[in-house]
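Input: a single structure, listed below in structure tokens.
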Amino acid sequence: MTAHPPHTPPFRDPHLPFAKRIDDLLSRLTLDEKTGFLHQFAPAVERLGISAFRTGQEALHGVAWMGPATVFPQAVGLGATWNTDLVRRVGEAVSKEVRAMRARDDRVGLNIWAPTVNLLRHPLWGRNEEGYSEDPKLTSAIATAYTHGLRGDHPTYWRTAPVLKHWLAHNNETDRATSSSSVRPRVLHEYDLRAFRETVEAGAVAGVMPAYNLVNGRPNHVSPYLREHLRAWTDEELLVCSDAGAPSNLVDHEHYFDTHEEATAASLRAGVDSFTDHGTDSAQMVGRIRKAYEQGLLTEADIDTAVRRQLSVRFRLGEFDPHDDPHAGVRDFDTPAHRALAQEAAEQAIVLLRNDGVLPLAPGTRLAVVGLLADECKLDWYSGTLIHRSTPLEGLYERFGAERVAFAEGVDRVRLKTSAGTFLHVLASEDGEDEVRGADGALDPALLAGRTDLPPLTTDATGTEFALIDWDEGVLTLRAPDGRYLSVAEDGYLRASADQPGGWVVQETFRLEPHANGHLLRHIGTGRHVTVAADGVKVADENAETFELIIAERGEDAVTRVTSEADVVLVVAGNDPHINGRETEDRASLRLPVHQERLLRAARAANPRTVLALVSAYPYAVDTSDLAAALWTAHGGQAAGTALARVLAGDVSPAGRLPQTWYENDADLPGLLDYDVIGSRQTYLYFEGTPLFPFGHGLSYTSFSYGDLTSRVTDGTLHVSFAITNTGDVTADEVAQLYTRAVDPALPRPRRELVAHRRVTLTPGAREELSFEVPLRAFEFWDVAQGRSRLEAGPYELLAGASSEDIRLRTTVLLDGEPGTPRPVLPRGLEGADFDEQSGVEIVDRTRTAGDAVTAAEGRTGELVYRDCDFGDGVAEVTMTVSGEGAVELSLDGGTVLAVVQVEESDSGPYDYTTLGAGIVAEGVHDVHLRLRGPLRLAHVGFSG
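The sequence shown begins at 21 in the numbering used here and counts up one residue at a time.
What follows is the structure, given as structure tokens:
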């Protein structure tokens with residue numbers, strides 16, 4: 021870097037406020053230099069001594085993609101702890117490891133792309149593992165704790181700068197780059213925005229990342245909500261970083277703009293400050309910004325605004341004050357404290373679902389451990405590389421002694437016979453090296469290539485016996501005896517080379533497709549079939565080999581063999597985070613994979629004292645009624661096995677709680693793209709069925725009593741207190757949960773809603789009084805008639821207990837609020853999207869920059885209801901602002917049609933609105949019903965006398 025001149029410029033003066041220093045630096049940068057800052061990989065400005073900078077370091081539950089690091093439980097597992105203090109400490113440890121790793125590798129960034137605060141609305145979402153909860157209050161509490169840990173406690177300088185993902189209403193991988201989430205105003209304000217808002221308002225967030233999807237017909241990367249809501253919640257400069265490739269998607273996939281220059285300019289003006297596109301090559305995006313500027317689509321002031329936000333983050337990270345940065349010397353990496361914390365987090369994340377008394381295991385228990393995940397410590401897409409590793413089997417060996425633990429994995433052991441009568445065979449590796457994919461770190465692990473240094477598979481007369489695992493939906497893996505999975509590298513050859521399935525496109529999964537008297541073996545990653553060639557086994561577009569599957573042993577036979585003589589059987593089941601439910605791929609069903617159902621049935625048939633431990637990134641619909649006990653934990657990171665063993669042994673009493681509803685079957689679920697949690701009765705807030713396990717559920721090895729519930733309201737705050745007593749004989753944690761519900765609401769409100777919680781540790785006989793302060797805004801709802809939040813006056817029930825359904829105490833408080841009033845439709849009319857109820861309707865963009873309209877879903881007739889509309893002394897005409905073609909029918913109170921507005925077919929576009937009228941006679945207060953027919957858009961309904 022160029023040496024500083026003798027005179028220190030103001031931007032280098034640590035005694036000046038950051039705002040003045042940024043002003044000075046901006047004035048010194050050329051337009052080209054500022055434009056270069058807008059790509060993820062901002063170049064150095066040597067003449068000013070400014071270093072290169074990049075946004076985006078993945079660190080969702082430990083530092084990811086940069087090699088070995090401490091691996092904590094998945095985010096959904098951290099959510100299951102319900103422990104904000106613990107999660108804050110995890111955030112502290114992760115940020116310290118970021119700093120320590122950066123000290124030896126400047127590719128490690130300080131702008132952290134975590135946490136994910138998307139609500140776990142739908143359990144089939146492929147990225148369920150990345151979120152904390154289906155509840156906005158719990159999500160924001162955990163996210164706030166994590167961001168405070170990542171930020172650090174210094175009042176000026178941040179240890180790392182966390183960015184929240186993914187703005188907004190993003191719960192589907194299916195068509196994620198082109199699908200639109202239809203989010204009505206009440207759902208937007210009461211549900212989707214809340215987790216972001218409360219976390220941002222807590223003051224430890226540096227920015228957000230927009231999601232790939234559209235909301236109400238408009239891409240998140242040009243959302244007016246960034247300006248209208250996000251930036252209104254804080255006085256801090258927030259850095260908005262695009263998701264990878266999303267800027268190009270605006271043209272290439274969403275076709276929302278005709279040119280990349282238009283799209284880039286619109287994103288920048290909407291509030292995107294850093295463009296993540298084309299990897300480390302900034303030339304494409306910088307070129308688009310320059311052309312947009314030359315075409316008059318952007319001003320230099322627009323560019324300055326975005327650069328200012330990035331510089332604000334860089335100043336807070338201490339980049340320009342290395343001698344004053346209190347975090348510059350942090351070297352805490354893989355410390356004993358971090359290892360202990362990883363174990364503590366894994367222990368606290370374990371949820372005891374049911375227990376007939378078999379747990380904790382009695383001393384001297386002879387244990388049979390079976391299942392496809394019994395000897396696994398799985399990682400996910402956002403995990404670091406393991407330094408330490410503990411599987412359930414290893415943890416149980418350590419805790420109970422290997423001589424008291426029998427094991428059967430339960431794989432199907434098979435050989436693959438070719439049409440020539442030979443068998444697939446794995447040649448021995450000459451070097452014996454055991455490379456771990458990604459161990460050295462990669463900025464983009466999607467670019468990691470498979471190994472080509474090992475010999476390809478061949479065939480011989482006896483072949484190799486493979487461990488076949490059927491992960492459901494026809495997806496299987498094949499593992500060689502040395503533990504390596506069959507994989508396909510870039511050269512197309514099949515090798516036993518992968519330590520685990522993984523990668524952006526998984527190269528270790530196959531399908532067996534019935535063909536003639538055998539099966540074709542299709543490699544899913546390439547879509548090609550396996551063929552046998554003279555130089556080895558490979559995938560190709562022709563000459564597919566027909567295989568006969570020779571089964572040496574069924575998994576359930578191995579399970580039966582080891583379980584019948586055991587005192588207790590532990591079945592460890594669950595998912596591989598890279599298969600059937602992950603980023604880019606939603607799950608198809610809640611059911612446990614058939615292969616694992618077979619193993620569970622075999623274990624239960626052989627021994628009634630069977631315990632199921634589910635290790636998974638999401639809920640399952642699995643019948644546990646005939647099991648002795650059942651537990652769930654997310655993939656628990658490096659200490660997962662030790663933690664599970666300690667809970668099973670009773671060294672730790674389980675106190676994890678479910679962060680989302682576990683449904684009984686797929687029929688209980690709404691459509692994956694149905695984001696109307698109110699109308700379709702989603703999550704514990706609105707679900708009216710009987711869940712398999714409710715939100716907040718989790719059992720203990722002791723018992724707790726609740727008592728002495730009191731409440732009072734002062735100065736806009738509800739003060740609630742109650743006492744908990746450990747009435748058992750085991751020291752344990754209890755998660756006390758406080759819910760509320762409106763007793764007699766004027767419109768649909770949650771059945772119950774979490775407003776506070778606390779995890780406490782109590783010794784036997786100990787009693788603790790818990791106090792909570794709940795702001796009255798927690799009782800508000802979004803009043804579509806007034807376009808703002810409103811507290812409805814009336815009685816509210818307070819519910820204290822151990823889960824959303826295990827309520828131990830209740831009382832009712834009477835809250836003052838604003839009375840509801842009819843909608844005055846004469847002065848304001850009705851905005852199309854401000855309905856109270858809908859059926860068959862989607863919300864779409866009124867224009868490309870702002871506003872909403874409504875339209876009938878494809879192939880359906882849309883129905884809209886607007887309650888309590890006040891027509892005053894009477895109206896004589898209705899006007900409708902519409903585009904497209906079709907008809908709108910209006911009736912009052914569900915009666916006969918009183919007016920029809922017909923829009924004729926034309927060449928106009930979706931944003932070319934016209935206002936049409938019809939006669940109508942109405943007075944007083946009525947419910948307005950609208951029926952939409954055809955592909956028209958309705959923006960506004962007006963009335964006049």
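Note that beta-carbon positions come from the ideal geometry of N, C-alpha and C, so glycine has one too. As the structure is a computational prediction, the values presented were derived from the model and not from experiment.
In the DSSP assignment, what residue or residues form a beta bridge with Y886? V948
Cα-Cα, which of S791, L692 and G404 is closest to D997? Residue 997 is absent from the structure shown; the chain starts at 21 and stops at 965.
Mapping DSSP to helix, strand and coil, what is L790? Strand.
Less than 9 Å separating the beta-carbons of G821 and L829? Contact: yes.
From the DSSP output, which residues share a beta bridge with H543? Looking at the DSSP output, H543 bridges to F530 and R548.
Segments of 4+ residues assigned as alpha helix (DSSP H) that fall wholly inside the stretch 115-178: For the stretch 115-178, whole alpha helix (DSSP H) runs of length 4 or above, ordered along the chain, are 156-171.
Is it the case that the Cβ atoms of G522 and L392 are separated by a distance below 9 Å? The answer is no: Cβ separation not under 9 Å.
C-beta contact flag for P711 and D688 at 9 Å: yes
Stretch-stretch touch, CB-based, cutoff 8 Å, three pairs: the stretch 731-738 with the stretch 787-807: yes
Straight-line gap, P182 to Q304 (C-alpha atoms, nearest Å): So the two alpha carbons sit approximately 27 Å from each other.
Can you name the start and end residues of the alpha helix (DSSP H) that V642 belongs to? In the DSSP annotation of this structure, V642 is not part of any alpha helix (DSSP H), being labelled neither H nor E.
Please determine, among A626, E150 and W85, the residue with the shortest C-alpha to C-alpha distance to R122. Minimum Cα distance to R122 is reached at W85.
For T881, which residues from the same chain have a beta carbon less than 8 Å from its beta carbon, with the 5 sequence-adjacent residues on both sides left out? Within the same chain, Cβ atoms closer than 8 Å to the Cβ of T881 are found at G860, R951, L952 and R953, the five residues on either side in sequence being excluded.
If I'm right that P93 touches A366 with Cβ under 8 Å, what's the distance once you round it to whole angstroms? About 5 Å separates the two Cβ atoms, so the contact holds.
Comparing C-alpha positions only, which one of T75, L140 and E905 sits nearest to L258? T75
Whole-number beta carbon distance between S262 and N233, since they are thought to touch under 8 Å: With a Cβ gap of about 13 Å, N233 and S262 do not count as contacting.
Beta-carbon proximity of A369 to T653, cut-off 9 Å: Less than 9 Å divides the Cβ of A369 from the Cβ of T653.
Looking only at its chain, what residues have a beta carbon closer than 8 Å to the beta carbon of E576, apart from the 5 residues adjacent to it on each side? For E576, where only same-chain residues beyond five positions count, the Cβ hits under 8 Å are G430, R618, L619, R621 and A622.
How far does the beta strand (DSSP E) with T935 in it extend, from its first residue to its last? T934 to A942
For Y1029, which residues does DSSP report across the bridge? This structure does not reach residue 1029, given that the chain is present from 21 up to 965, and the question cannot be answered.
I need the straight-line Cα distance from G452 to L474, nearest angstrom please. Interpretation of G452 is limited by its pLDDT of 49, a score under 50 that renders its predicted location unreliable; no figure is taken from the coordinates.
Between which two residues does the alpha helix (DSSP H) carrying N1 extend? This structure cannot speak to residue 1, because the chain is shown only from 21 to 965.
Does DSSP put Y313 in a helix, a strand or coil? helix
Shortest alpha-carbon distance to D890 belongs to which of K40, E314 and R848? R848
Cβ of N537 less than 9 Å from any chain D Cβ? Here there is only one protein chain, and chain D is not present.
To which residues of the same chain is W401 closer than 6 Å at the C-beta, ignoring the five residues directly before and after it? E603
V804: which of N138, L208, A448 and F57 sits nearest, CA to CA? L208
Report the rounded CA-to-CA distance for D749 versus L705, giving the unit in angstroms. Per the coordinates, the alpha-carbon of D749 lies some 34 Å from the alpha-carbon of L705.
For C261, which beta-bridge partners are listed by DSSP? Residue pairing by DSSP places C261 opposite S294 in a beta bridge.
Between which two residues does the beta strand (DSSP E) holding Q330 run? It is not in any beta strand (DSSP E) - Q330 instead sits in the alpha helix (DSSP H) that spans E320 to R336.
Going by other Cβ atoms of all chains shown within 10 Å of its Cβ, with 16 needed for buried, is R732 buried or exposed? exposed
Out of F724, L774, D826 and A776, which has the shortest C-alpha to C-alpha gap to L782? Nearest in C-alpha terms to L782, of all of F724, L774, D826 and A776, is F724.
Same chain, Cβ closer than 7 Å to G56, neighbours up to 5 away in sequence not counted: A62, P63, S302 and V306
Buried/exposed call for L252, threshold 16 Cβ in 10 Å: The sequence shown places Ala at residue 252, not Leu. Looking at its Cβ environment, which holds fewer than 16 other Cβ atoms inside 10 Å, A252 is exposed.
Would you say the stretch 346-355 touches the stretch 171-180, given that touching needs at least three Cβ pairs under 8 Å? yes
The stretch 293-300 touching the stretch 263-278, judged by at least three CB pairs closer than 8 Å: yes
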